[in-house]
Amino acid sequence: RRIFLIGVSIFAVASIACGLAPNVEMLIGGRALQGIGAALLTPGALALIGSAFSMEERGKAFGAWAGAGALFGMVGPLLGGWLSDHADWRFIFWINVPLAALTMAVAWRAVPESRDSDARGLDWRGALLAMTGLAALTWSLISAPDRGWGDPTIIIGLVCGAAALAAFLLVEARERHPMTPLALFRSSVFSGMNLLTLLLYFALGGAMFFLPFDLIRVQGFSATMAGAAMLPFAVIMGLFSGLAGPLADRFGARLSLAVGPVLAGMGLSLLALPGPGAGYVDGPLAGMTVLAVGMRLAVGPLTAAVMGAVRPAHVGVASGVNNAVARIAALLAVALMGALMSSVFVGQVGGADARALFGEVMAGGALHSGAVDAFHASFRVVMFACAACAVAAGIVGGLTGPRRLPRS
65 RRIFLIGVSI FAVASIACGL APNVEMLIGG RALQGIGAAL LTPGALALIG SAFSMEERGK
125 AFGAWAGAGA LFGMVGPLLG GWLSDHADWR FIFWINVPLA ALTMAVAWRA VPESRDSDAR
185 GLDWRGALLA MTGLAALTWS LISAPDRGWG DPTIIIGLVC GAAALAAFLL VEARERHPMT
245 PLALFRSSVF SGMNLLTLLL YFALGGAMFF LPFDLIRVQG FSATMAGAAM LPFAVIMGLF
305 SGLAGPLADR FGARLSLAVG PVLAGMGLSL LALPGPGAGY VDGPLAGMTV LAVGMRLAVG
365 PLTAAVMGAV RPAHVGVASG VNNAVARIAA LLAVALMGAL MSSVFVGQVG GADARALFGE
425 VMAGGALHSG AVDAFHASFR VVMFACAACA VAAGIVGGLT GPRRLPRS
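Counting from 65, one number per residue, gives the positions in the sequence shown under the numbering used here.
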């Protein structure tokens with residue numbers, strides 16, 4: 065609980081910093097601080113749930129947690145779009161402050177403390193190597209479309225990132241108390257569920273990052289309308305949060321973990337189909353609905369399976385690893401799918417200025433008719449690639465998911 069509260073407080077302070085930022089550099093710094101707070105509070109929340117509920121209740125509890133997160137995660141873009149259109153973008157960050165204060169008050173009064181009596185010191189070497197490796201790889205992948213894959217700085221970044229991550233694995237294998245105990249991955253269920261998480265959240269992260277660009281730049285939606293397009297996802301994830309656990313209990317967790325991601329992939333494919341100028345009903349509605357049903361089936365059993373694959377003393381570590389995998393997946397999705405989208409756009413437009421034009425389009429520059437078609441074509445490629453990753457996640461779920469969630 066203490067770590068959870070510290071994470072919430074850091075997130076609140078960072079939100080204030082973002083709202084007051086006088087320039088882009090300060091805003092990026094505030095967002096980085098928000099990430100630190102989120103890295104503390106999210107695994108803490110999962111660990112608190114894992115310690116507060118019995119095995120019989122965890123599936124439903126994790127489903128409710130995931131449903132609430134998805135609900136507010138999709139209401140957020142709607143509210144953020146409305147604030148951007150009708151007020152000031154800074155309110156997007158300031159609104160977090162009273163919500164954080166309410167969260168801290170409720171957690172302090174109603175949530176019991178959870179401790180690991182065998183806990184040891186922090187693995188600073190592992191943390192530094194993981195952070196360095198991921199930062200170098202992500203920067204290189206994001207910058208490569210502009211600088212070119214043969215640019216020396218890109219090559220150095222990729223090599224240094226890969227070397228840092230390799231060193232991270234060596235350190236974790238030898239560390240007495242590693243931040244990521246590699247022994248956890250000896251469990252086929254734990255390894256499989258984290259691979260499923262990587263693929264599924266790669267698909268979701270890439271799609272949800274680029275979808276608003278297509279809705280606003282190609283379909284002509286306002287920021288508020290683009291946020292509203294996400295509502296079917298929020299409604300289904302929130303209202304049906306209690307159904308995934310019982311369905312997994314009745315028909316088997318493996319079935320939910322196989323069918324859910326495949327349905328999510330179908331939803332992502334549907335989101336790629338509408339052409340420029342499509343409305344809401346003949347545009348994102350069907351895709352968002354099918355995507356939400358698939359995610360709703362998968363998320364609760366996925367989290368419960370991860371927690372059930374480790375000993376109770378390792379629940380906090382397991383939740384942290386799984387959450388880190390999900391965040392890394394979204395990070396890599398933005399970098400890799402951005403590179404893919406840029407490559408397809410440049411190929412569609414042609415000419416020496418095509419890459420610069422893509423940068424202007426992503427930054428909000430004017431779109432001529434040829435650029436609209438090229439942008440939408442590249443968006444479709446990205447969505448189908450994300451759909452393929454989701455289907456692959458379903459295959460992993462069908463092969464490695466537990467037939468039944470643990471009960472004791």
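Using N, Cα and C, we set each Cβ at its ideal position, and we do this for glycine too. It should be emphasised that the depicted structure is a prediction, and the values quoted were computed from it without experimental measurement.
Whether A515 touches Q412 by CB criterion (8 Å): This structure gives no information on residue 515, because the portion of the chain shown stretches from 65 to 472.
Best match in G269, G144, G71, F249 for proximity to H378 [C-alpha to C-alpha]: As a position in the sequence shown, residue 378 is number 314, starting the count at 1. Considering only alpha carbons, the answer is F249.
Helix, strand or coil at H241 according to DSSP, with G and I counted as helix: The sequence position of residue 241 within the sequence shown is 177, counting from 1. Reduced to three states, the DSSP call for H241 is coil.
Spatially closest choice to G94 from A103, F157, I113, A151, by CA coordinates: As a working note, residue 94 is residue 30 in the sequence shown. The shortest Cα separation from G94 among A103, F157, I113, A151 belongs to F157.
Test: V223 CB closer than 8 Å to a CB of chain C: Absent from the structure is chain C; it holds one protein chain and no more.
8 Å Cβ shell around L263 - same chain, five flanking residues per side excluded: Indexing the sequence shown from 1 puts residue 263 at position 199. Around L263: P325, A393, C453, A454, A456, A457, V460.
Cβ-Cβ distance between W203 and L69 below 8 Å: Residue 203 sits at position 139 when you count from the first residue of the sequence shown. Residue 69 sits at position 5 when you count from the first residue of the sequence shown. No. Outside cutoff.
Buried versus exposed call for G197 [16 or more other C-beta atoms within 10 Å across all chains shown]: The residue given as residue 197 occupies position 133 in the sequence shown. So G197 ends up on the buried side.
C-alpha distance - F75 paired with P86, whole-angstrom precision: What you label residue 75 is simply residue 11 of the sequence shown in a count that begins at 1. What you label residue 86 is simply residue 22 of the sequence shown in a count that begins at 1. Spanning the two alpha carbons is a distance of roughly 19 Å.
Sufficient close CB pairs (3 or more, under 8 Å) joining the region 157–166 to the region 76–84: yes
Classification of A390 by the beta-carbon crowding that lies within 10 angstroms, buried from 16 upward: In the sequence shown, residue 390 corresponds to position 326, counting from 1. Buried, by the Cβ-count rule.
Inter-residue Cα distance where the pair is I206 and P176: Along the sequence shown, read from residue 1 onward, the residue named residue 206 stands at position 142. Along the sequence shown, read from residue 1 onward, the residue named residue 176 stands at position 112. The alpha-carbon atoms of I206 and P176 are separated by roughly 42 Å.
Own chain, CB closer than 7 Å to A208, minus 5 neighbours either side, in chain order: Taking the sequence shown and counting its residues from 1, the one referred to as residue 208 is at position 144. So the list reads I218, A403, once near-sequence residues are dropped.
Ranges of the alpha helix (DSSP H) found wholly within the region 73–120, counting only runs of at least 4: 88–116
Segment contact, 8 Å Cβ cut-off, at least three pairs: the region 416–427 with the region 225–234: no
Three-state secondary structure assigned by DSSP to V65: Position 1 of the sequence shown, counted from the start, is the residue given in the question as residue 65. The residue asked about is misnamed: residue 65 is Arg in this sequence, not Val. If DSSP states are grouped into helix, strand and coil, R65 belongs with coil.
Residue environment, I113, which counts as buried when at least 16 other CB atoms sit within 10 Å: Along the sequence shown, one-based indexing puts residue 113 at 49. Burial call: buried.
Integer-rounded CB distance, given that A111 should sit under 8 Å from S58: This structure does not reach residue 58, given that the chain is present from 65 up to 472, and the question cannot be answered.
R467 in three-state terms, based on DSSP: In the sequence shown, the residue the question calls residue 467 occupies position 403. In the structure shown, R467 sits in coil (DSSP, three-state: anything other than H, G, I, E or B).
V161: CB within 7 Å of a non-hydrogen atom of the ligand MG: The model on display carries no ligand, and the ligand MG is accordingly not part of it.
Start-to-end residues for the alpha helix (DSSP H) that takes in R360: Counting from 1 along the sequence shown, the entry for residue 360 is found at position 296. Counting along the chain, the alpha helix (DSSP H) containing R360 begins and ends at 348–372.
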